[in-house]
Each structure stands twice: as structure tokens, then as C-alpha cells.
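Input: a single structure, listed below in C-alpha cells.
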Amino acid sequence: MTETTRELSAAAGELIGRVDGPVYTPGADGYDKERIGFQRLAPHRPEVVVGARGEQDVRAAVEFAAAHGTRVAVQARGHGLGAPLEGGVLISTGRMTGVRVAPHERTAWVEAGASWQQVIEAAAPHGLAPLSGSAPGVGAVPYTLGGGVGLLARRHGFAADHVRRIDLVTADGRLRRVTAQSDPELFWALRGGGGNFGAVTGMEVGLVPVARIYGGGLYFDTAQVPDVLEAWRRWTQTVPEETTSAVAMLPFPDVPQVPEPLRGRHAAQIQICHLGPAEEGERLVEPLRALGPLLRDTLRELPYTESGTVFDEPDRPHAYRSQNRLLADLDPGALATLTRSAGPLVPVMCVVGLRHLGGALARPPQPANAVGHREAAYALVVLSPVEPGEEETVRAVHRDVLAPFEDQALGRSLNFSFGPLDHDQVRSAFTPAGHRRLAALKARCDPGGLFHCGHPIPPLAEED
Ligand SMILES: Cc1cc2nc3c(=O)[nH]c(=O)nc-3n(C[C@H](O)[C@H](O)[C@H](O)COP(=O)(O)OP(=O)(O)OC[C@H]3O[C@@H](n4cnc5c(N)ncnc54)[C@H](O)[C@@H]3O)c2cc1C
Numbered sequence: 001m002t003e004t005t006r007e008l009s010a011a012a013g014e015l016i017g018r019v020d021g022p023v024y025t026p027g028a029d030g031y032d033k034e035r036i037g038f039q040r041l042a043p044h045r046p047e048v049v050v051g052a053r054g055e056q057d058v059r060a061a062v063e064f065a066a067a068h069g070t071r072v073a074v075q076a077r078g079h080g081l082g083a084p085l086e087g088g089v090l091i092s093t094g095r096m097t098g099v100r101v102a103p104h105e106r107t108a109w110v111e112a113g114a115s116w117q118q119v120i121e122a123a124a125p126h127g128l129a130p131l132s133g134s135a136p137g138v139g140a141v142p143y144t145l146g147g148g149v150g151l152l153a154r155r156h157g158f159a160a161d162h163v164r165r166i167d168l169v170t171a172d173g174r175l176r177r178v179t180a181q182s183d184p185e186l187f188w189a190l191r192g193g194g195g196n197f198g199a200v201t202g203m204e205v206g207l208v209p210v211a212r213i214y215g216g217g218l219y220f221d222t223a224q225v226p227d228v229l230e231a232w233r234r235w236t237q238t239v240p241e242e243t244t245s246a247v248a249m250l251p252f253p254d255v256p257q258v259p260e261p262l263r264g265r266h267a268a269q270i271q272i273c274h275l276g277p278a279e280e281g282e283r284l285v286e287p288l289r290a291l292g293p294l295l296r297d298t299l300r301e302l303p304y305t306e307s308g309t310v311f312d313e314p315d316r317p318h319a320y321r322s323q324n325r326l327l328a329d330l331d332p333g334a335l336a337t338l339t340r341s342a343g344p345l346v347p348v349m350c351v352v353g354l355r356h357l358g359g360a361l362a363r364p365p366q367p368a369n370a371v372g373h374r375e376a377a378y379a380l381v382v383l384s385p386v387e388p389g390e391e392e393t394v395r396a397v398h399r400d401v402l403a404p405f406e407d408q409a410l411g412r413s414l415n416f417s418f419g420p421l422d423h424d425q426v427r428s429a430f431t432p433a434g435h436r437r438l439a440a441l442k443a444r445c446d447p448g449g450l451f452h453c454g455h456p457i458p459p460l461a462e463e464d
């Protein structure tokens, strides 16, 4: 039976002595710091927060939620918040940041709250790197549960393709060590199916022998943006798998923190990560550099520990919403609409990002996993900071931005969905067969719907 939120708060005392980490209820010092992560729009509002220090804390929190007939959500660093939890128990994994590298096996054991930067720093002394993404502050475990398209993606595939083992607490309160041998179906689902099946306490991931990359950004001014977008599209059709790249169209605010040449400009930023000698990288980017005057050029050889400078994304928490599409191809006509639909004249600020996919991303791993739409050639993401009262306008602008691309859309990526999604939207992240398999497993593993996941797998409907 579900308890009232007041009864749940009162019962939180039961956790003291059972968990090592702190327990917070609304109004307590530290409650807000724990529940509000990087994404500031509509954060979780739990009745109890457990600041887990280890797997036994996670288990105690899950058992507590189950015993009190309430729901449980997990948050690492809060970049990927989907639907917020109202009431119930939030497990905050921000204290579980351990990373252990096994250099000879080329693997790392990563606890649930570790950021990619922490994994990168631990792997670097061994000449190794994880399949991390553009923003090193993002949590490695949530990123990987959602698939994970990173800087080395075209050469090495999804982060989820490199997972060896996942430990999690399931709805029955059991701590499971899941591998391809121990539980093939759950192992398939956890790699790409998001946080639907339990509270993950840690995972073993494969590392790749990468110490240095050639990478950075090329920045072009407003008038060049349409030509740069089209030239980048054509260029991506010529590059090897060793080259992973993206282009963003974005306004740079006129503030001192922004490098002088970019301040107040609406610019295009090509972001490149090339695995290979710097001279090869220099040759590859020649056609891009030749596109015209550059506002800024940060391309260079760099250690992977500085890979966060390739995209150079803001690391200050803020409120935002996004939409995305995984595209079979990139239509030049659709591309040409972006300067109108997301340019300086639209009523809300838009950051449009296009990532080049393909290469190893398109090849199914062994063993297979739940990542959907591997065949996508590009990902298109539109993101806007959101001020109070702006959400409806932002939604309308994003619809307008995506409309010309719908013909080539295969579906969406859950990792790049920053906000709640409805059933059809979550379903579109997977093939129909993939969704049926995930929904059947969810019904088996968590029949009472104990876990509140940011992007919940919809139950099977008649038409499924
Ligand atoms: C600036 C920025 C850059 C990004 N770059 C990339 C990129 O290059 N490639 C890419 O693929 N993605 C990228 N993302 C998306 C990112 O991978 C996801 O948003 C990821 O979930 C964020 O990690 P987090 O620790 O902040 O997650 P959180 O917001 O803490 O968690 C996200 C969701 O994951 C689930 N979850 C979290 N921890 C657990 C757990 N221990 N067990 C079970 N479920 C759990 C929950 O459902 C939770 O709602 C980016 C996001 C941002 C904001």
C-alpha cells in the first residue's frame, strides 16, 4: 500500500544506521543540493534522498522504497534528467566515484557516480582511454546505460558496446552481477535501455589504447554558417573512421568569459577528434580551414585528458530542454533551413548540434545490445536554455527546427533527450522488436514499477 508522503518522510529515520551515507528529507540542509543536479529545470522532488556511499546503501534504499510501496529514482550528476520523481526515494550516487583500472585487461571498474573525467584521469597513466563523450563532467554510468556516442565513436562504437559487467540492485532487492553469461537478456537490455531495470552500482568497461588525439574546434562567423554546414556535410562523406566530428550552430554571449573573437557572435563551430598523427589530421582538415576566415582555430595534438576542450561545452548548471533525431542521411535542403529556423532571429536561443555517426557505430557488437538505430548516419540535436514561462515557445521552435528533417528521421536518442518524453517518443528510440523485448523484460524484472526512470520504457500496447 502506498504511504502518504508525510508518513514516508517520518519513516526515513529507519534508514539511519542502515546506510553509511546521509539521508535527507524536504527542508533539511543539503536536501536541495542533493536533488538538484546539472539540469536546473524541474528537478526531482523526492520525499527521501539517500546519499549512497556504496552498494549496500543502494540496496537499503531500494528495500526501503519497496517496503513502503513507493518509487525510487537514481541520479548521478543530473545532466540527463527526464521526468522528475515526485515523492518517493531518490538515490544520489554522487559519492560513489571510485574508478579502478586494470591496465593489462584494458578495463576499468567504474562506480555509479564517477564522471568521465575521473575515468579519463585514471586510465591516462596507462596510455588508455574510455569511450567518453563531449562533456567530461557527465556521469560515465548513466551515459553508457543510454548507449553513449563519444569522441572516439566512429572508430570504436558506442560506450555500451564496451561493457563487460554491470552490478545492480533489482526491484526484488537482490544485488546482481550481470554479465553476458550470467543473465544474457538483462545484459542485453542494460546496454542501451537506460536505467529502467534497477539501480546500477558500478560497471566494468573496456578501455582503448589512446593517449593523444588530434582535435579541437574551427569557428566561423554568421555569414559563413550556411556554407560551413554544407561543406562539413560533404566533408564527412570523405573522412575515415578514425575521424569523429560534429558541427554546432550557436550564439556566443557577449560576456568576458567567452574568448574575445567569439563574443556576441552567432557562429558555426566544427568539432573534430581524429585518431592518428597530427600531420594526418592537419591534412584532413585542410578543406575546412580553407572555407574562409576563422574566428578561432583550436585544432592541435592534445592528450586525451584534455578531450573536453574539443567541444568546449559550458560546465555551469542551467535549465534547458532539447529535442533530437537520428537521421538516415542529411538532406542539403533541410540543412539549409537551419539558419532561419534556429538562427539569431528566433525568439529563444538555440544551440543546434549535428554529429557524424556511422563507422563502428553501425556495426553490431558481440554480444548484441539494446542500442537502437545503429544505422543512423547523423544525429541532430537542438537545445535551448529555458527561462521560466518559455517552455511552450521552446517546444514550438524545436518542432520547427526538426520538421524539415522528419523524412529522414529513424527515431531519437534517449541520451540527447533532456526532458520528459511520452510513450511514443521513448518507443522511437528503439526498433519495434527492440522495444517489445525491453518492455517484456521490464514487466518481468520490475512488475510493480518500483524504478522511476527518466525515460521509462512504455509497456506493451495492443498495437505492439
Ligand atoms: C553538455 C552535455 C554533453 C553531453 N554529451 C554527450 C555525448 O557526447 N554523448 C552521449 O551519448 N551523451 C551525451 N550527453 C548526454 C548524457 O550522456 C546523458 O544525459 C547522461 O545521462 C548524463 O549523465 P548524468 O550523470 O548527468 O546522468 P543523470 O542525469 O544523473 O541520470 C540520467 C538518468 O540515468 C538514469 N540513471 C542514472 N544513474 C543510474 C544508475 N546508477 N542506475 C540506473 N539508472 C541510472 C536515471 O534514469 C537518470 O534519470 C550529454 C549531456 C550534456 C548535458
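Position one of the sequence shown corresponds to residue 1 (the numbering used here), numbered consecutively onward.
Every residue, glycine too, gets a C-beta built ideally from N, C-alpha and C.
Proximal residues to residue i (C-beta, below 6 Å), its chain only, five neighbours per side dropped
i	result
SER9	THR25 and GLU47
PRO277	none
GLY82	PRO420, GLY454 and HIS455
LEU41	ALA319 and VAL386
ALA429	GLY372, GLY411, ARG412 and LEU414
HIS435	ARG427
ASP315	GLY137
Cβ separation of residue i and residue j, assumed to be a contact under 8 Å, to the nearest whole Å
i	j	result
ARG154	GLY358	6 Å
GLY193	LEU438	5 Å
GLY146	GLY133	About 10 Å; that fails the 8 Å criterion.
VAL258	VAL169	At roughly 43 Å, the Cβ-Cβ gap does not stay under 8 Å, so VAL258 and VAL169 are not in contact.
ALA159	THR179	About 17 Å; that fails the 8 Å criterion.
CYS350	SER307	Actually they are not in contact, since the Cβ atoms of CYS350 and SER307 sit about 25 Å apart, beyond 8 Å.
Residue i: CB within 7 Å of a non-hydrogen atom of ligand 1
i	result
LEU327	no
GLU313	yes
ALA189	no
CYS504	The displayed coordinates of the chain run from 1 to 464. Any statement about residue 504 would go beyond what the structure contains.
SER384	no
GLN408	no
PRO43	no
ALA290	no
ALA376	no
VAL210	no
SER134	yes
GLN181	no
TYR143	yes
GLY139	yes
CYS453	yes
GLY37	yes
Neighbour-count burial assignment, residue i, 16 or more Cβ in a 10 Å radius
i	result
GLN118	buried
PRO256	exposed
GLY157	buried
ILE213	buried
HIS423	exposed
GLU463	exposed
ALA171	buried
ILE91	buried
LYS33	exposed
Check: residue i C-beta below 7 Å from any heavy atom of ligand 3
i	result
ASN324	Of the ligands one can find in the structure shown, namely ligand 1, none is ligand 3.
Cutoff 7 Å; reference residue i; Cβ partners in own chain excluding five residues on either side
i	result
THR305	ILE120, GLU121 and ALA124
PHE220	VAL228, ALA267, ALA268, LEU291, GLY292, LEU294 and LEU295
GLU391	ARG321
LEU284	VAL239, THR243 and HIS274
ASN324	ALA379, LEU380, VAL381, ARG412, SER413, PHE416 and SER417
ARG59	VAL169, GLY173 and LEU175
Contacts around residue i, its chain only, beta-carbon distance under 8 Å, and the 5 residues preceding and following it disregarded
i	result
PRO253	ARG263 and GLY264
MET1	Because MET1 sits at a pLDDT of 41, beneath the cut-off of 50, its placement in the model cannot be relied upon, and the following sentence gives the value as read from the coordinates. Excluding positions up to five away in sequence, the list reads GLY69.
THR393	PRO347 and VAL348
LEU327	ALA376, ALA377, TYR378, ALA379, LEU380, PHE405, GLN408, ALA409 and LEU410
CYS445	THR170, ALA171, LEU186, PHE197 and GLY198
Are the segment 233 to 252 and the segment 193 to 209 touching, with three or more C-beta to C-beta distances below 8 Å? no
Say whether the segment 26 to 33 touches the segment 59 to 76, bearing in mind that this needs 3 or more beta-carbon pairs closer than 8 Å, one atom from each stretch. no
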